[in-house]
Amino acid sequence: MKGEVHHHLEESIRPYIDLIDTLRSVGIQKDLALPTIVVIGDQSSGKSSVLEALSGIALPRGSGIVTRCPLELSKRPRLSYEEKIIEFGDPSLVEKHVEEAQNELAGKGVKICDDLITLEVRSADVCDLTLIDLPGIARVPVQGQPQDIGNQIKRLIMKFIEKQETINMVVVPCNTDIATTEALRMAQEVDPEGIRTLAILTKPDLIDRGTEKNILAVVQNKVIPLRKGYVMVKCRGQQQIDEKIPLVEATQIERDFFQNHDFFRPLLDENKATVKCLAIKLTQDLVSHIKKSLPKLDEQIKKQLWDVRNELKECEAGPPQDLKGAKQFLIKILTKFNDKIKSLSFGELIIKDNLFVQLRTEYKKWNDGLNDTKTLKELSQNYRGRELLGFSNYRVFEMILQDRVAKLKEPAIKSLNSIKGTVTHLYVQLEPKIKGLLQQAKTEQRIMDQFEMESMIYTQDPIYLKFLNEISSDKFSEAQLPAFDIKSKYSEMLQAYYEIVVQRMADQLPMLISFYMLKETAQLLCTDMLSILEGANVSELLFEDSDVSKRRKYLQSRLGRLTAAQEALMHNLVLNSVSGRIQILLIVFMLAVICIQNNINGAKGLSDSAMLCVFLITFLYNEN
C-alpha cells in the first residue's frame, strides 16, 4: 500500500509541477508572477549547502557574496540567461558556468545584478522543484563593493519575496539567534502572518551545548510561529566537501546524525528534519500554493490577452518579408491612406478631434469678427472733397469702403493661420510629410485676390437695393435711383453695401480655405502617394520606425506567451477533469465487484457496500 500511496501522490502533484514548468518554459514569468520558492538568508547561512542537497549539484562557494545574480534551479539539464542557452552534461561544470554567467551579467568582482540565471537539472535522485536562490544578505561592504551593497541586496530580495505567488524559504543557522535574523525579519515584513514563509535551520552540529531545548522549541513552532513551520537539516560541511563525500552518502550521514541525537531525534518522527523531509514538504507546499493561485493566474492571463490584442490592433500588421507581398502591402497602405485623406477633407471621417467641428468654430469666429465691424459712423468732413454742400462724391464712397475692407486682411490671415494649425495637426497624424504639401501659400494668395476684387466696389443693382431697403426707412426702386443719391443717404448706402461685403467674405474665406487647404491638398497628396509606386524601393519605403517595430515584436511575443500559457492551463484543467472521472469510474468498478461478492452476505451486506460506493463517488466528485 505504501508504494500505491506514493504513486498516487506522484500522480496528484506532477500535473501541477509540470504545469508551472510549462508556463515558465514559454516565458510567462515575464508577464506575471508564477508560484515559486525563493531562498533567502544571511551570508554563510548554509543556503548553498541546502540547495546542493536539494538539486544534487555543486554550486559556487566561497566567502563573501557568492550568489551575485538571482539563480533559478529547475529540472532541465542546461543553463540560460538573457538570450543565451548553454547545454552541458557534466554536473561538475555547473560551478564554472554559473560563475561565468554572473561575471558576464554583474561584471567580475563582487557587484550584484537583477538579471535571472536559470540552471536546469535533470536527475531521478532529486526533487522536482524550481527554486530561486538570491544573494546572501550583507551588512558591511568589502573591498570593491559599493557602500550601499546591503541596500542593493535587500531591494533585490524584496522584489521577489513581496509577491503573493512566492513561498519564502528562509535559511537560518542554528547557532544564531533566530529573532535577530535579517532574512526572517524581511520575510515577516512582507508576510506578517507567516502564511508564505518556511524556515530552514542549518548547521545543527555547531550549536552550543545547553541550547538544544531552545532550538527544539523553535523547530516545533513555539518561538516565532510560522504557518508552514520549520525543518532542520544537516548538509555537507566543508570537510565533507573537501573529502568529496557524495550527496547520497551525505544523506545517510544526515539521517544517522538525527537518529543518534539526544534532543533532535523526535524531529524525524515529526517530519521536521532531513533534506528528504524538506523536499517532500516543499513539494507539497508548492503544489498547494499552485492550486490556490491557478484561478487568479487564469484571470490575469485572460485580462492581459485582451489588452495585448487591443494594443496589437493599434499597431496593425507589419510589412511582409517577400517582395510581392511587400508591394501588395504598400498598395493597400497607400489606398487606405488616400481613402482616409479624402474622407477627412470631405468631413466624412469622424475622429476624436473632429476636423469640421474645429473648422466651424474658427469660421464662426471670423463671421463674428466681420459682424463687429458693421457699424459705420456718420460721414466725417475728412472725406469731403471740393464739392459744395448737398452734392455727393462717388470717390468718397469708394475710399470709405476700400479702407474698411483693407482692415479685414489682417484678421483673415490670422484666421487662415489658425485653421492651418488645426488641419496640419490632424493631417500629420496620417502622414508626416503633409506639411510640405499643404496649400497655405496658394490659399493666402487667393484670399488676397479676393480682397483685391472687393476693392472694386461692385454688386448687382437688385442685390444692392434689397439691402438698402432693409436698412432705410424709405423704400426705393431702380426707377427712383436719382432721387435718393444725396449726401444725407450716404450712411445708409455705405451700410447697405458693407452688408454685402460681410456676407460675401463670411462665406468666401471658408470656401477658399476648404477648397485649397483641404480638397486640393488631399488631391495633391493622393497623387503624390500613388506616384511613389513608380520605380519605388519598396523595402526602403516600408522601413519602420524602430520603436514601432520593437513594440509590435514585443506585443507579438507577449501574445505568443500568453496564448501558450492559456492553452497549458486549459490542458491541465481537462487532464485533471478526466483524471478525476477515471478515478470515479475505477472506484465504481471496484465497489461493484465488492457488492457482487457481498451479495452472499444478504441484503444488509449489499446495502452497506452500496452506501459506501455512493459516499466515495460523491467525495471524489467534489474533490475534482
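Residue numbers (the UniProt record's numbering): 1 to 624. Here a beta-carbon is modelled for each residue, glycine too, at the ideal position from N, C-alpha and C. Just so you know, these numbers come straight off a predicted model, no measurement behind them.
DSSP, reduced to helix, strand and coil, places Ala187 within a helical segment of the structure shown. Nearest to Arg14 by C-alpha distance, out of Thr373, Lys291, Gln523, is Lys291. Rounded to the nearest whole angstrom, the C-alpha separation of Lys324 and Glu362 is 46 Å. Straight across, the Cα-Cα distance linking Arg504 with Asn338 is about 33 Å. For Lys244, there is no enclosing beta strand (DSSP E), as DSSP gives it neither H nor E. Nearest to Glu165 by C-alpha distance, out of Ala33, Val171, Val405, is Ala33. Each residue's CA atom was taken as its position, placing Asn221 and Gly46 some 21 Å apart. Asp31 and Arg558 do touch by the CB rule: their CB atoms are close to 6 Å apart, below 8 Å. For Thr166, no alpha helix (DSSP H) encloses it; the enclosing beta strand (DSSP E) starts and ends at 166 to 173.
When secondary structure is reduced to three states using DSSP, Leu32 falls in the coil class, being assigned neither helix nor strand. Apart from sequence neighbours up to five positions away, the residues of its chain that approach Glu492 with a beta-carbon distance below 8 Å are Leu468, Ile471, Ser472, ordered along the chain. Across the set Val308, Val287, Lys332, the C-alpha of Val308 shows the shortest separation from the C-alpha of Arg551. Counting only residues of its own chain and dropping the five nearest sequence neighbours on each side, Lys553 has no CB closer than 7 Å to any other CB. In the structure shown, the three-state DSSP call for Gly56 is coil. Taking each of Ser55, Thr527, Leu573, Ala564 in turn and checking the Cα distance to Pro246, the smallest one comes out for Ser55.
By the Cβ criterion, the segment 157 to 171 is in contact with the segment 194 to 203, since at least three pairs of Cβ atoms, one from each stretch, lie closer than 8 Å. Within a 10 Å sphere around the beta-carbon of Val98 sit 16 or more other beta-carbons, which makes this residue buried.
Counting of Cβ neighbours within 10 angstroms places Trp306 among the exposed residues, the total staying below 16. The C-alpha of Met511 is placed about 15 Å away from the C-alpha of Gln358. Here the C-alpha atom of Thr274 lies approximately 13 Å from the C-alpha atom of Glu249. In this structure, DSSP gives Val38 an extended state, which the three-state scheme calls strand.
Beta bridge pairing from DSSP links Thr202 with Pro173. Sequence-distant Cβ neighbours of Leu131 in its own chain, meaning closer than 6 Å and more than five residues away, are Ile37, Val39, Leu73. Thr443 counts as buried, since no fewer than 16 other beta carbons sit within 10 angstroms of its beta carbon. With contacts defined by Cβ atoms closer than 8 Å, Thr283 and Cys235 do not form a contacting pair.
Contact annotation: Leu278 and Val231 have beta-carbon atoms nearer than 8 Å. Within 10 angstroms of the beta-carbon of Leu416 lie 16 or more other beta-carbons, which makes it buried. The straight-line gap separating the alpha-carbon atoms of Glu299 and Arg561 is approximately 15 Å.
If the five residues before and after Ile149 are omitted, its C-beta is found closer than 6 Å to the C-beta atoms of Ala138, Pro141, all from its own chain and listed in chain order. As the crow flies, the alpha-carbon of Met456 is around 37 Å from that of Thr527.
Where Val502 is concerned, the enclosing alpha helix (DSSP H) starts and stops at 490 to 512. When rounded, the separation of the alpha-carbon atoms in Gln240 and Thr251 is 12 Å. Of the residues assessed, Ser48 falls on the buried side of the cut-off, its CB having 16 or more other CB atoms within 10 angstroms.
Ile28 has its alpha-carbon roughly 16 Å from the corresponding atom of Phe160. Positions of the beta strand (DSSP E) runs, each at least 3 residues long and wholly inside the segment 83 to 138, are given as 84 to 87, 117 to 120, 131 to 133 in order along the chain. Taking 8 Å as the cut-off, the beta carbon of Asp133 is found closer than this to the beta carbon of Thr67.
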